[in-house]
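J.:
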Amino acid sequence: MDQVIDSLDPLPLGRVFFFIIRLCFCRFRSCRDDPICGGRMGFQVEKVNGVLVVDVEGQLIVGNRQELKQKVLEELENGERKFVVDFEKTGYIDSSGLGVLVSLSKKVREQGGELRLANLNEDLKTLFELTKLDTLFHIADSREAALKGL
């Protein structure tokens, strides 16, 4: 699938079309038991050098986005101001998941903090580029890079 996409004309409409096909392929293949593309989400929270790191596992979708939002807002109310959301084990984010990330970024900034993203896979990077959200977030290739300078 990647070779087909790479061989196409790099027009934005073509990229969007084949990106959607790729996501549909992942959604309908038999991966329901796979935590990266199976619809479940869990997260682990740890503090690293004064920064709250949230490891998201699975999919960030309409059915579970509130869990992440509530946890980050709770930590924000408790005085945390520096956040990294690590998507190393995340395979899919839907529009409601994107909305939660935008909302959290805004609330964290209003409180004088910063929220960074790390370890987006190629599909998620493309999603953030196509939606222009890559201009809103500091997106790092690794957790270590996201933590640097926070």
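The working numbering puts the first residue of the sequence shown at 90, with every later residue one more than the last.
Every residue, glycine too, gets a C-beta built ideally from N, C-alpha and C.
It should be emphasised that the depicted structure is a prediction, and the values quoted were computed from it without experimental measurement.
Could you check if D148 is buried or exposed, using at least 16 other CB atoms within 10 Å of its CB as the buried criterion?
T.: It should be noted that the sequence gives Gln, not Asp, for residue 148. Buried, because 16 or more other Cβ atoms sit within 10 Å of the Cβ of Q148.
J.: When you compare only the Cα positions, how much space is there between A234 and V143?
T.: Distance between the alpha carbons of A234 and V143: 15 angstroms.
J.: What residue from L225, D230, L236 and F132 has the CA that sits closest to G188's CA?
T.: When only C-alpha atoms are compared, the closest one is L225.
J.: Quick check on the burial criterion: 16 or more other C-beta atoms within 10 angstroms. Buried or exposed for S194?
T.: Buried: at least 16 other Cβ atoms inside 10 Å.
J.: What does L222 pair with, by DSSP beta-bridge criteria?
T.: Note: L222 sits in no beta bridge, so no partner.
J.: Give the C-beta separation of S231 and N208 to the nearest angstrom, bearing in mind that I take them to be a contact with Cβ-Cβ under 8 angstroms.
T.: Contact holds; Cβ gap of about 6 angstroms.
J.: Tell me where the alpha helix (DSSP H) around E199 begins and ends.
T.: Here the alpha helix (DSSP H) through E199 covers S184 to E199.
J.: Helix, strand or coil for K178, going by three-state DSSP, please let me know.
T.: DSSP places K178 in strand when its eight states are reduced to three.
J.: Would you kindly check if the distance between the Cβ of E164 and the Cβ of L190 is under 7 angstroms?
T.: Contact flag unset, no.
J.: Out of curiosity, what's the CA-to-CA distance linking E156 and I182?
T.: Spanning the two alpha carbons is a distance of roughly 14 angstroms.
J.: Report the rounded CA-to-CA distance for H227 versus N153, giving the unit in angstroms.
T.: Spanning the two alpha carbons is a distance of roughly 23 angstroms.
J.: Could you say which of R198, F217 and F172 lies nearest to V137 if we only look at CA atoms?
T.: With distances taken between Cα atoms, V137 lies closest to F172.
J.: For K214, which three-state DSSP category applies?
T.: In this structure, K214 counts as helix in the three-state DSSP scheme.
J.: Between which residues of its own chain and N177 is the CB-CB distance below 6 angstroms, once the five residues before and five after are set aside?
T.: Checking the displayed sequence, the identity of residue 177 turns out to be Glu instead of Asn. Closer than 6 angstroms at Cβ, skipping near neighbours: N208.
J.: What does the alpha-carbon distance come out to for the pair E218 and Q200?
T.: Cα to Cα, E218 sits roughly 26 angstroms from Q200.
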